[in-house]
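Just below is one structure, and these are the notes that go with it.
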Amino acid sequence: MSLMQGKRGLIMGVANDHSIAWGIAKTLAAQGAELAFTYQGEALGRRVKPLAESLGSDTMLACDVEDLDSVDAVFAALKEKWGGIDFLVHAIGFSDKNELKGRYADTTRANFTRTMVISCFSFTELAKRAAALMPEGGSLITLTYGGSTRVMPNYNVMGVAKAALEASVRYLAADYGPQGVRVNAISAGPIRTLAGAGIADARLMFNYQKRNAPLRRTVTIDEVGGAALYLLSDLSSGVTGEVHFVDSGYNIISMPHPDALKT
Ligand code: NAD
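FYI, the numbering for the sequence shown is 276 to 538, going by the working numbering.
Written as structure tokens, this is what we have:
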């Protein structure tokens, strides 16, 4: 199979080989996609470079979404290199670790704003620039989590940002649909990554989902990659504005299974 043959796109959010964006990149490359990567700062850049090279990519661009000049430089470089792109993966999130514990009610204005800009609004800013390079259509995805619609202890302001991100997916899908640009989100179950480790009691949350999800396990970055392949390839040509769960079915459960309560 080479479902991505002839398609070129940008992967944003690889920090290391545990990153969800890395699982997606591997899957897309295996299906023939040509990839460009961004990295946040030189230290992460040194980790991302060999990973990108191992997938045959020679395009690594520095980008911090808080710095719009760096965002513009990325899309200028892609325009120069390829003329246009076919897809974008946004796997970026950040909030102050000190506020990923305790009560949401205690979130500060400064961290609320920063979390929203990096974890939510950056997708809107990137979508605008990506869509401008997709005159014949394309596909954009972002990563979200079920803490957007249901309260997850310690997830706090990230949950609020993910709710706004999911709403953005729907509005962007409506805005760019007439141009043939599709916009979707993958809602992944908990995965051990750098960002995931910032949430207090992450291990507890991980084990709880493992016990209570219908599949009785958590998901891998490769499984998220499979869903991304579907959403970024022509397999999903009729799908836009969706939040697609890759969480071993955890989101459908109301009460833990009695077996789990006994342990
Ligand atoms: P990760 O730490 O590997 O990736 C997070 C990425 O965000 C890093 O590459 C980091 O450099 C980037 N980033 C943060 N601030 C940035 C900024 N200002 N500019 C540019 N890049 C910035 O962790 P991950 O778990 O792979 O996270 C990827 C996405 O998946 C995030 O949106 C996260 O919320 C989401 N997600 C994660 C889980 C999980 O359990 N790990 C579950 C559902 C959704």
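Ideal Cβ placement from N, Cα and C applies to all residues, glycine included.
Computed from a prediction, not measured in an experiment: that's the story for all the values here.
Test item: CB-CB of residue i and residue j under 8 Å
i, j, result
"residue 522", "residue 434", "no"
"residue 482", "residue 531", "no"
"residue 416", "residue 459", "yes"
"residue 457", "residue 360", "no"
"residue 461", "residue 514", "no"
"residue 285", "residue 353", "yes"
"residue 468", "residue 441", "no"
"residue 447", "residue 399", "yes"
"residue 411", "residue 368", "no"
"residue 307", "residue 279", "yes"
"residue 494", "residue 527", "no"
"residue 312", "residue 327", "yes"
"residue 409", "residue 480", "no"
Opening and closing residue of the beta strand (DSSP E) in which residue i lies
i, result
"residue 521", "518–521"
"residue 414", "413–419"
"residue 284", "283–287"
Cβ separation of residue i and residue j, assumed to be a contact under 8 Å, to the nearest whole Å
i, j, result
"residue 296", "residue 366", "4 Å"
"residue 414", "residue 510", "So it is not a contact: roughly 10 Å between Cβ atoms."
"residue 340", "residue 386", "The pair is not a contact, with the Cβ atoms about 16 Å apart (cut-off 8 Å)."
"residue 429", "residue 376", "5 Å"
"residue 346", "residue 404", "7 Å"
"residue 301", "residue 330", "7 Å"
"residue 338", "residue 391", "About 18 Å; that fails the 8 Å criterion."
N-terminal and C-terminal residue of the alpha helix (DSSP H) that residue i is part of
i, result
"residue 349", "343–357"
"residue 481", "477–487"
"residue 304", "295–305"
"residue 319", "317–329"
"residue 533", "533–537"
Per-residue DSSP class, three states only, for residue i
i, result
"residue 362", "strand"
"residue 278", "coil"
"residue 391", "helix"
"residue 337", "strand"
"residue 496", "helix"
"residue 310", "strand"
"residue 490", "coil"
"residue 384", "helix"
"residue 367", "coil"
"residue 474", "coil"
"residue 502", "helix"
"residue 527", "helix"
"residue 515", "coil"
Problem - 4-residue-minimum alpha helix (DSSP H) runs that sit fully inside the region 402–466, ordered along the chain - result: 431–451
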